[in-house]
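Residues 0 to 348 in numbering that gives the first Met the number 0 are what the sequence shown spells out, letter by letter.
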Amino acid sequence: MRNLVRENILSMKPYTASKDIAEVKLDANENPFNLFKDLKEEFVNIIENLELNRYPEIDNQCLGEKIAEYAGVKSENVICGNGSDEIIQMIIHSFVDKDDYIVIPVPTFSMYKQYTEIGGGKVLEVPTDDSFNVREDEIINIANEKRAKVIFLCNPNNPTGTIIKREKILNILNRTNSIVVVDEAYYEFLDETIIDQVNINNRLIVLRTLSKGFALAGARVGYGIGSREIIDIISKVRSPYNLSSISQALGILFLENVDRIREKIKEIKNERSYLIEEIQRLNGIYVYPSGSNFVLIKSDKAKNILSACGNEKIALRGFSDSYTNNCIRITIGKREENDKLISLIKRVV
Ligand code: PMP
């Protein structure tokens, strides 16, 4: 069997996430509030009328229109994906051939690299500075030198929470010829966007998802926003019926209830300030600034914190590569969850 497998796949590891049963789940950047509980009855009415013997809408038209309204663009500027992961994959399929380059600042979200390498493309990693800020000149130089097809910028960045200034993004866009993907998966927690530029520069694609701010990770609804030209290109590689009727219906329902979602986002942002203030008071822990629904901390006692959390069934995400050694990413939870974590960290440090 192994001799049949493509060489670049043999050495790869599948994406994994912790399967430990956690009582306090602060490891996956999810929204702690299950808004589906409030919307369940409406959803039951909707699915009663779904014709599940039929295929879903082929191009997610109704969902695309709702997204367009929310994002302030036309529906021709929207492509829907089975999670924004699928859109990353579609972008790579559309632009990155074998031995083509992409550029990413590091550390960043792992799937840009993973999908590129699956396709036989090459990844140029540009380290961020000590505060995890993107080094724009280095990115521009290497992208131009290697004629990179795509540059991925994650704003705010996962796993660091770092915000990339608008001028930096525009500079990278204007001084290169690459496709520039700005991943705004955590947009709702930052409230800054570059979407207004998609019809000014047709090489820009903005990625968003309903998995984070919209509390809908289980439904797998992501989207991309770009010029009509770029959306038409990416649409060529989209699988037919890529979102189930159920996911489309859930996406529409949640977008129609954006006000409820905004209330919860406000609460999460307050909890973010609370958690950061509480942890900053402790000796020996550095908290990186965050524009997201998680914070990255650094401590010599990171391993002790993680093992104490494991014992108490609190799930966090530890990092140990050369950029994020001794770092832990904490997703913002509900007040009682954050308090449980804070008192545990206090005991350890
Ligand atoms: N982009 C970033 C930066 C992420 O952190 C994630 C999820 N962890 C995704 C994209 C993918 O999200 P989804 O597929 O759930 O839309």
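Heads up, the beta-carbon is just placed ideally off N, CA and C, and yes, glycines get one too.
Asked: Beta strand (DSSP E) runs contained entirely in the region 98-182, provided each spans 3 or more residues; Found: 100-105, 121-126, 149-153, 178-182
Asked: beta-carbon I83 near the ligand PMP non-hydrogen atom, thresh 6 Å; Found: The amino acid occupying residue 83 in the given sequence is Ser; Ile does not appear at that position. Yes, the ligand PMP has a heavy atom inside 6 Å of this Cβ.
Asked: Secondary structure, alpha helix (DSSP H): runs of 4+ residues fully inside the region 206-241; Found: 227-234
Asked: Beta-carbon gap between Y222 and V72 smaller than 7 Å; Found: no
Asked: Residue burial classification, Q88 (beta-carbon count within 10 angstroms, cutoff 16); Found: buried
Asked: Exposure label - M11; buried when at least 16 CB within 10 Å; Found: exposed
Asked: I57 to P239 span [Cα, whole Å]; Found: 6 Å
Asked: Host alpha helix (DSSP H) of N44 (start-end); Found: 35-47
Asked: Y69 - containing alpha helix (DSSP H), residue span; Found: 60-70
Asked: Run of the alpha helix (DSSP H) containing R334, from where it starts to where it stops; Found: 334-347
Asked: Contact test: F108 Cβ vs the ligand PMP heavy atom, cutoff 6 Å; Found: yes
Asked: Near the ligand PMP: N292 beta-carbon under 6 Å from a heavy atom; Found: no
Asked: Contact belief for V181 with I168 at Cβ below 8 Å, rounded distance in angstroms; Found: 6 Å
Asked: Classification of Y14 by the beta-carbon crowding that lies within 10 angstroms, buried from 16 upward; Found: exposed
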